[in-house]
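Every letter in the sequence shown is one number past the one before it in my numbering, and letter 67, counting from 1, is 318. Yeah, the Cβ is synthetic: ideal placement off N, Cα and C, and Gly gets one too. The structure presented is a predicted model; accordingly, all values stated were derived computationally and were not measured.
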Amino acid sequence: GYTWSRAALEAGPGLPGQPSGRPDPPAAPEKNLVRNGGFELADRDWARSRMCGQFEFAVDSSEAYRGKTSARLRCAKLEPEEPERGWGRAWARWYQGKIPVEEGKTYRLRLWVKTSKVFGGRVAVWVTGAAELGTMTAEVHHTDGAWREVVIEDIMAAGEHVGLYLNLMAGVGTAWFDDVVLTEANP
């Protein structure tokens, strides 16, 4: 297995690895394993956690990749010192900890991420419960105010559940998340 993210490439639109401008159609609700992946039902089905830093969680009706809303996570202030080794001075996330999957099957995660033009942190998307690697990741350092597709391919489930974590870490700024879709790779 490997981790791959189109959004990790910070080149401009139209370059290799960048979205073509023609998004994949949304997954049929019965095929998307992420509950409320477009945040159209407010924050229902999504948990939040803040490890350190001053954060604001919100469902935002003024920003959306598709539909009418997205999830917003804003870090306004860093901790003066790192509270726990390895945490950094800012870390919070939206997450779904137990998404039902079938052990041994392969899945694909796709979502859209946008950061504020002034953004000093990083977005880290984690899928836990993958065979071999345990956790698969994709990172975005900034999108300069544009929506960028993030994809993690070849997620082989090690058990009956995977976890999905949409993290903002290591700096101040705002990130939005929308159209979060986890589907079986080869149904």
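- Taking 9 angstroms as the cut-off, the Cβ atoms of Ala-309 and Arg-325 count as close.
- In the three-state reduction of the DSSP assignment, Glu-390 falls in the strand class.
- By the Cβ rule, the segment 416-426 counts as touching the segment 367-379, because three or more pairs are nearer than 8 angstroms.
- When only Cα atoms are considered, Val-401 and Ile-350 end up about 19 angstroms apart.
- Counting along the chain, the unbroken beta strand (DSSP E) around Thr-366 starts and ends at 357-366.
- Your pair Trp-398 and Lys-365 checks out as a contact, with CB atoms roughly 5 angstroms apart and the cut at 8 angstroms.
- When the alpha-carbon of Glu-354 is set against those of Arg-286, Val-413, Glu-330, the nearest one is in Val-413.
- A distance below 8 angstroms between beta-carbons, with the five flanking residues on each side excluded, links Gln-347 to the following residues of its chain, in chain order: Val-285, Arg-286, Asp-296, Trp-297, Ala-298, Gly-414, Leu-415.
- Distance from the Cα of Cys-303 is smallest, within the candidate group Ala-327, Ser-321, Gly-396, Glu-411, for Ala-327.
- Taking Ser-300 as reference, the option from Met-420, Asp-311, Pro-331, Leu-292 with the minimal CA-CA separation is Met-420.
- Arg-323 sits buried, since 16 or more C-beta atoms from the chains shown fall within 10 Å of its C-beta.
- Contact between Thr-394 and Gly-385 does not hold, since their C-beta atoms are separated by about 27 angstroms, which reaches or exceeds 8 angstroms.
- Counting along the chain, Pro-334 sits inside no beta strand (DSSP E), nor does DSSP assign it H or E at all.
- Under a 10 Å Cβ-count criterion, Ala-381 is classified as buried, with 16 or more other Cβ atoms of the shown protein chains found around its own Cβ.
- As computed with DSSP, Glu-307 is found in a beta bridge with Arg-325.
- A straight line joining the alpha-carbon of Arg-359 with that of Glu-335 spans about 32 angstroms.
- Ala-408 and Glu-390 have their C-alpha atoms some 21 angstroms from each other.
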